[in-house]
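> Numbering (the numbering used here), first residue to last: 18 to 467.
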């Protein structure tokens, strides 16, 4: 599969608005030419319609050219050579300028053509500005065949050239970096993934978003940045109520993170058990999205409340309920049922589901009669462990009787993912039972295992 996709959008403004939200798109480029060799690329660019190129290199404008390598690294001396080979563009001696009768309404008249050096219609020079150019041109070189970088050789060498229309707002990753956050936990979601989850859930300004496994609130921070009203719950009262001390000895909690980022604070954070949700039975279709990372026993195991008649509660304000392990199959069933009830029709549930490449089976993917699976995206973490971001949409009103029948037909059974922790930390053996040295056998690219 190619990392480059072709997209048709109504306008450049739409492209910019898409890139303002996306995390996985790097750039949107108005393609002027592509080819398998540089010589073919030059011919393709020169065949590009003049009206498409003319506005971006005329006198008085500034530009820069960026060379991107995909699948390989292009050293700076080689980048300079490639830029010099683009001299046929004649950017520094101008594209057609404003000429009476040749430039009307921002577009060249048909047949105006491309004008090179020495043309009487090129009254000035486009100048180079590497810091703040009016336009950025990108030469992208896809070369995944000449190096053994561990990536699949699905696409052969390809050259692309065009004008950058929009770029994703990667600055958000630095702005909300976990290293800058005062209240963190071992399962805090990294910033990029938190925004991806929110995008999958179509979180927007005014959305009411719920995280039933809120922890330190890392996913809700991303939702808050997008203008959503946030609501969270966690079975551990200490995470929500008590927080912890930061490096300066100050007490910090989920609320502190929202204050530090000057975001609207959560509508509420409650101590609640996903297995015994606190919501009234008649409370339905109030949420726009449910976004979460359920505990699945690798870094933190799930817990559920259990009744213990032997415990006498003298002070409920300080009492911590007895809990038992919460199997993944049961946890996900409860999550889907609560989401099916509380989501509006069309609302989305987005959550991570653990998997192992050795045991993954689509038959184990969770399901609910009121929800439809829209996307199943794998994020490899190690050679033995991955997680899948599942995106579901509510497609019909919740019916308790229908849900009960569905659960009766699909009773809880122990899932293979419930054994994930043991699988990850158990030494790998070959077919003869001998221990496998996973490190020495791994291929490396630029010092990293691939």
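Glycine is no exception: its CB is placed at the ideal position from the N, C-alpha and C atoms.
Fair warning: this is a prediction, and the values are worked out from it, not measured in the lab.
Give me the Cβ distance between residue 360 and residue 307, rounded to the nearest whole Å; I'm assuming they're in contact under 8 angstroms.
6 angstroms
> Pull up the distance between the alpha-carbon of residue 46 and that of residue 62, whole angstroms please.
14 angstroms
> According to DSSP, which residues form a beta bridge with residue 292?
Beta-bridge pairing links residue 292 to no other residue.
> Quick check on the DSSP output: the beta strand (DSSP E) that includes residue 396 runs from which residue to which?
388–397
> Assign residue 123 to buried or exposed, taking buried as 16 or more other Cβ atoms, counted over all protein chains shown, within 10 Å of its Cβ.
With a pLDDT of only 34 at residue 123, under the threshold of 50, the placement of this residue in the model should not be trusted; the figure read from the coordinates follows. Under this definition residue 123 is an exposed residue.
> If distances are taken between C-alpha atoms only, which option among 37, 412 and 351 comes closest to residue 427?
Answer by Cα proximity: 351.
> Mind reading off the beta-carbon distance from residue 403 to residue 372? Whole number of angstroms is fine, and I expect it under 8 angstroms.
Taking a contact as a CB-CB distance under 8 angstroms, the pair residue 403 and residue 372 counts as one, their CB atoms being some 5 angstroms apart.
> How many Å lie between residue 300 and residue 358 at the Cα?
8 angstroms
> Would you report the Cα separation of residue 113 and residue 71, rounded to the nearest angstrom?
Unreliable positioning characterises residue 113 in this predicted model, as indicated by a pLDDT of 40, which lies under 50. A coordinate reading is not provided.
> Does the Cβ of residue 312 have 16 or more other Cβ atoms within 10 Å, making it buried, or fewer, making it exposed?
buried
> Nearest-angstrom Cα distance between residue 389 and residue 369?
16 angstroms
> Tell me whether the beta-carbon of residue 271 lies closer than 8 angstroms to the beta-carbon of residue 286.
yes
> Count the other CB atoms, across all protein chains shown, that sit within 10 Å of the CB of residue 28; report buried if there are 16 or more and exposed otherwise.
exposed
> Around the Cβ of residue 274, are there at least 16 other Cβ atoms within 10 angstroms (buried) or fewer (exposed)?
buried
> Three or more C-beta pairs closer than 8 angstroms, one from the region 233–243 and one from the region 204–217: is that the case here?
yes
> In the region 345–416, which residue ranges form an unbroken alpha helix (DSSP H) of at least 4 residues, counting only runs that do not cross its ends?
345–359
> Hey, how far is the Cα of residue 330 from the Cα of residue 339?
11 angstroms
> Rounded to whole angstroms, what is the Cα-Cα separation between residue 278 and residue 240?
12 angstroms
> Quick one, which of 178, 31 and 320 has its alpha-carbon nearest residue 21's?
178
> Give me the Cα-Cα distance between residue 324 and residue 305, rounded to the nearest whole angstrom.
33 angstroms
> Would residue 238 pass as a contact of residue 280 if the rule is Cβ separation under 8 angstroms?
yes
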